[in-house]
Amino acid sequence: MQKLLLLLLAGLLFLVPIGGCSEQEEMPIGMAVEFMDHAACAYIAQDMGWYEEEGLNLTAYDSYVTGMALAAALGRDEVSVAYICLIPAINVYANAGVPIKI
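For the sequence shown, my numbering assigns the number 534 to the initial residue and increments by one for each residue that follows.
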């Protein structure tokens, strides 16, 4: 009986990882950055095609003059990913409830 139970558990442990192996759909991403020199790496990544190499489907790549304007766009759900300064990110998180991930 213990051998049967052990075999059953081993079989279940083998099948669990298989459930997560399905191919995921590409999700379109609207990205925005501030028009500042510290966002240069985001512009370089776009010019070099690094986002596409990583499998990111950028449908929009917008530039905002200030971090507060970009934070407001996040609050309105106009963009889904932002390269933004810390203070505007904290502001939009605290005042608009936008979930921020770093």
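Cβ atoms here follow ideal geometry from the backbone N, Cα and C, with glycine treated the same way.
It should be emphasised that the depicted structure is a prediction, and the values quoted were computed from it without experimental measurement.
As assigned by DSSP and simplified to three states, the class of residue 588: In the three-state reduction of the DSSP assignment, residue 588 falls in the coil class.
Nearest-angstrom beta carbon gap, residue 603 and residue 615 [assumed within contact, 8 Å]: Yes, they are in contact, since the Cβ atoms of residue 615 and residue 603 sit about 6 Å apart, within 8 Å.
Limits of the unbroken beta strand (DSSP E) element including residue 561: Its beta strand (DSSP E) spans residues 561-567.
N-terminal and C-terminal residue of the alpha helix (DSSP H) that residue 625 is part of: Residue range 619-629 is occupied by the alpha helix (DSSP H) that includes residue 625.
Cut-off 7 Å between Cβ atoms - residues of its own chain near residue 613, not counting five sequence neighbours on either side: Counting only residues of its own chain and dropping the five nearest sequence neighbours on each side, residue 613 has a CB closer than 7 Å to the CB of 562, 563.
Close-in-space but distant-in-sequence residues of the same chain around residue 539 (CB under 8 Å, 5 per side omitted): Unreliable positioning characterises residue 539 in this predicted model, as indicated by a pLDDT of 45, which lies under 50. A coordinate reading is not provided.
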